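Protein chains in written order, with my numbering: chain A, -19 to 309; chain B, 92 to 668.
Inspection log for the structure reproduced underneath, given as structure tokens.
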Amino acid sequence: MVAGEPYTATSVTPYRLALRRLRHNYTALFFGFLFVLVVVICLLAPEYARYIAHTGPNDQHITDVLNINGKQVDVVSLTGVPIGPTWHSRFFLGADSFGRDLAVRLLYGGRTSLAIGAMATAVTLCLATVLGLASGYYRGWVDGVISRILDIVWAYPALLLAIAIGVSLATGGISIGPIVLNSGSIFIPTFIIGIVYVPYVARPIRAEVLALREREFVEAARALGFSNLKIMATEILPNLSSTIVVFAALQLAHSIILEAALSYLGAGVQPPASSWGTLLASGTPLFTVAPYLTLAPATLLVAACLGINIFGDGLRQALDPRGRVGVAR
Amino acid sequence: MRYSKRLATVGAVGVSLAALVAAFGTFAAGTSSGSPATARAAHSTYAPGGTLEVSMGSPPESLDPQSGYSSESQEADWLVYTPLVTYAHKSGLAGDTLIPGLATALPAVSDGGTVYTATLRKGLKYSNGVAVKASDFTYTIERDLKVGWGGDSFYTSNIVGAAAYQAGKSKTITGIVTNDATGQITIHLLAPYGAFDNVLAFPSSGLVPTGTAMTALSSAPPPGVGSYEITQVKPNVSFTLKKNPLFAGFHIPGIPTGYVDTVQVTIQTNANTEAQNVLDNTSDEFDWGDVLPPALVAQVETQAKNRYRPETLAATDYFWLNVHIAPFNNVLVREAANLAVSRVALQRLASGQITPTCYYLPPSIVGAASGPCPLGAPSGNGSFSASSLGSSADIALAQKLVKQAKLVGAPVSVWTENREPFESFGTYLNAQLNTIGLKSTLKVINSGVFDPTIGSAKVDPQAGWGEWSQDYPNPGDFYLVLDARSIEPVNNLNLGYIDDPHIQSTIIRLDKVQSSDLGSVASQWQALEKYVDSKDYQINFGYEVSPFFLSDRVDFATAVFQPVFGDDWSTFELKSS
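This is the structure we're talking about:
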């Protein structure tokens, strides 16, 4: 509580308090809504393709001719330039150079990008939490080994490391025992992104665990004879939850952006599957004659990342125990 | 064309006038024969000298003539390493004509086509001043085999003793006999090979001094006999061709001594940047091996119409189908794949820069076929128009054929490289194969390792994009990819693993016909084309069209687009400053 704040005797949990703070952060709520909106329209991709565009994400219409306002128009011109936005149900945002409906691919691509972002974030958080907990709690040689491994991964810029792994797996896929991922699997970029970001999350968690393990309630748990695992699970992990929640939101934005970068460079999602990154890559060479091919995926990418990023920032402020409570406003 | 004008002038005023002009010191600036005076009057704004700025889309794999096999390598090496015979420095079909290079005349052929005899010109010197000897030819071919030139089988499968030399079983190639005193070179062949003159015209047959290191000298190529010499090689970045001052003194008819002093070649892998630079005149040439980006085609056609023309190449784009494994070992599935591919759609993916076809041999090659495509003749189909294939009716028929073959859902991998439009070609085929009922996945490989990857028997790829660009203007060269003898465990050329007795016997029979007599067997090559098409062995879809696109600094009217080697820098003249 900040000096000067009105005192309230009402007993509220930290999360309820955070929710109250968040409800008053209209900027964060607006951008959170924007992100949810992007997610919802991407989830509706199959319905849009089936009932409105009447074509699938990989259906090619290179030699098709459309009748637009009484005029016959090639979906792809003789020199390879695709049709622009028709603002009709078919090719609403135009077509790509294969005569594929851009709006359909944009929504399907969004599903891929968001799914990879979400799964990669889950991978990052799970690994980072386990490693950060173990490293910070046990200290000593455990901390030494884990920290050095994290240092090695951290030493490589995330994008370069992801490209290096992505390119090497883009052709042949990977096979580890019973786990086989073919080259086109979205789990390859998912795991790459998930792993390269682990040090960025594990380090702050370790630092927080180092502080928490010295707190009185942990000392009390030890005195009561709790095992180390039980202390970590029941005493320390709950105190990390707000940190993890904030990281989840921010990391989701990072993962979506890294997926787009990897796919743009050919080391992420492999064609003909679409993602916002692959759509950006295929649109770039035609930017001067068909800018919508680049602008459309870029707009959704920015909307999704900005939305989750600013919402995540709002979440961080709301969960900050030193933040303004604001419940009286 | 400047060179033709000069020949005409020679015819009109005779050798004495040429000598007179030479005496005035302007002779060396242009070709080694003819009077530049008349041409100079017609093109007074252009002058010899200066630096030609060339963009190249892909780096040459090596500029050492006995190592570089790619078109980028040969484009430069052709002007630096003149062989015994070479091609006319002319545009169009005239450029397919063989002319004497370092030899005094085209080789005499005897003993039923198994002995080739040529004589070196007198007084030839390498760019480093060392005299050329007849025995250098033997050394050059030996170097081809030791360094591992990509087309070394042209020598080992034809010249007596070449294979034994390569295998280390002899110290020299016994089938080549030379006499340094007379300059005579005699080559004994294992069997008649009609296109052997063309083999002698490879830049890899261009002479290098005896004693040149038997390793690839990619960063510092050896001296040669040519209008230019290679200097300042920065691998994968740039290289420079500098005019060879000695070459003008050899007076070799038909081989220009070059106009510009320097050709500065810079690797520019971004085709957009490359095209924009030529549009803006900051670069003088768009690489003919690249495809104009769709975004710039209209702009180039309008803004640069007086310095751009599309040139149909003797090169065919096709999809190979591996016929020794499922599902393409089934002719019905091959036919289905052929029917499903719209050649017009692929033309659009190539920005309009291919000509749709279903046949393999390009129109400029003897034996090229035309007319309806006899696809699937064995199954009773067999008459399609190349420009209407891939229609909804064809797709329906294709789906029916896959069902008939009981191969619905059969897995297929489609391989292509990550350069456009080739990646788009692969993406298109992948989608079409899925449409007709197969379960296709796309594998996109870095262009630098694409050929070795798909050419490995360990990979054993099922289908993918392929391109054959002529090594020399002869149908036999194109049929290397359908020749069972080309099936190799590594660097395999016959990616379809096609081993058809009828094709084999025909190739072996027609390969013996001399290049000069090809016209007499044109109908037999055409019949073979129809046979291959009817068996659906591969999906031929386009003859490549190349952009001949120069800056307005270059005299476009006289610049030569040579059909075998592309942009002929030795004929490019720059505006005088």
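Using N, Cα and C, we set each Cβ at its ideal position, and we do this for glycine too.
Remember, it's a predicted structure, so these values are computed and weren't measured experimentally.
Burial state of T109/A (16 or more Cβ within 10 Å): buried
C-alpha distance - T303/B paired with L94/A, whole-angstrom precision: 60 Å
N565/B versus V18/A: straight-line alpha-carbon distance, rounded: 59 Å
Start and end residues, alpha helix (DSSP H) containing E166/B: 162 to 168
Segment limits, alpha helix (DSSP H) that includes N368/B: 362 to 370
Pair within 8 Å by beta-carbon distance, P169/A and V103/A: no
Nearest-angstrom Cα separation, counted from P156/B out to S296/B: 8 Å
Beta-carbon proximity list for V283/A, same chain, < 7 Å, skipping 5 on both sides: The residue you asked about is not Val; residue 283/A is Ala in the sequence shown. The residues are L14, V18.
beta-carbon D378/B near the ligand PLP non-hydrogen atom, thresh 7 Å: Only the bare structure without any ligand can be found here, which leaves the ligand PLP out of the picture.
Cβ neighbour criterion (16 or more within 10 Å) applied to G242/B: exposed
Contacts that G443/B makes with chain A (C-beta to C-beta distance below 9 Å): S57, L58, T59, G60
For I670/B, three-class secondary structure by DSSP: This structure cannot speak to residue 670/B, because chain B is shown only from 92 to 668.
Rounded C-alpha distance that separates T122/B from G345/B: At T122/B, the pLDDT of 39 sits below 50, so the modelled position is not reliable; the number obtained from the coordinates is stated separately. The straight-line gap from Cα to Cα measures roughly 7 Å.
Amino acids of chain A, ordered along the chain, whose beta-carbon sits closer than 8 Å to that of K363/B: Reading off the sequence shown, one finds Asn at residue 363/B, where the question assumed Lys. Chain A residues near N363/B: P265.
Unbroken beta strand (DSSP E) run spanning F330/B, endpoints: 329 to 334
Buried versus exposed, by CB contacts within 10 Å (16 or more), R510/B: buried
Neighbour flag for D163/A against chain B, beta carbons, 8 Å: At residue 163/A the sequence reads Ser, which differs from the Asp that was named. Yes, S163/A lies at the interface with chain B (some Cβ there is under 8 Å from its Cβ).
Partner residues on chain A for T385/B, Cβ-Cβ distance less than 8 Å: Here the sequence assigns Pro to residue 385/B, which means Thr is not the residue at that position. Simply T59, G60, V61, S77, P265, L266, V269.
Cutoff 8 Å; reference I48/A; Cβ partners in own chain excluding five residues on either side: T66, H68
Contact list for P252/A against chain B, beta-carbon separation under 7 Å: T518, N521, A522, L533
Beta-carbon proximity of Y628/B to L586/B, cut-off 8 Å: no
Three-state class that DSSP yields for D627/B in the structure shown: coil
Secondary structure, beta strand (DSSP E): runs of 3+ residues fully inside the stretch 255 to 322 of chain B: 267 to 270, 275 to 279
Below-8 Å beta-carbon distance, I154/A vs any chain B residue: no
Of the residues E215/A, K210/A, V178/A, Y180/A, the one placed nearest E196/A, counting alpha carbons only: E215/A
Three-state secondary structure assigned by DSSP to N80/B: Any answer about residue 80/B is impossible in this case: the structure gives chain B only from 92 up to 668.
Partner residues on chain A for S433/B, Cβ-Cβ distance less than 8 Å: I42, T43
Partners in chain B for G246/A, counting only beta-carbon separations shorter than 7 Å: N509
Coil, strand or helix - T264/A by DSSP: helix
F663/B - DSSP class collapsed to helix/strand/coil: coil
Cutoff 8 Å: S374/B Cβ touching any chain A Cβ: no
Residues that N38/A contacts on chain B, provided the C-beta gap is smaller than 8 Å: A522, N525
Between the CA atoms of G317/B and Q653/B - distance to the nearest angstrom: 16 Å
S476/B: contacting residues in chain A (beta-carbon distance under 7 Å): The premise fails here: S476/B is roughly 14 Å from chain A at the closest Cβ pair, so nothing lies under 7 Å.
Chain A contact for S149/B (CB, 8 Å cutoff): no
6 Å Cβ shell around V176/A - same chain, five flanking residues per side excluded: A138, L141, A142
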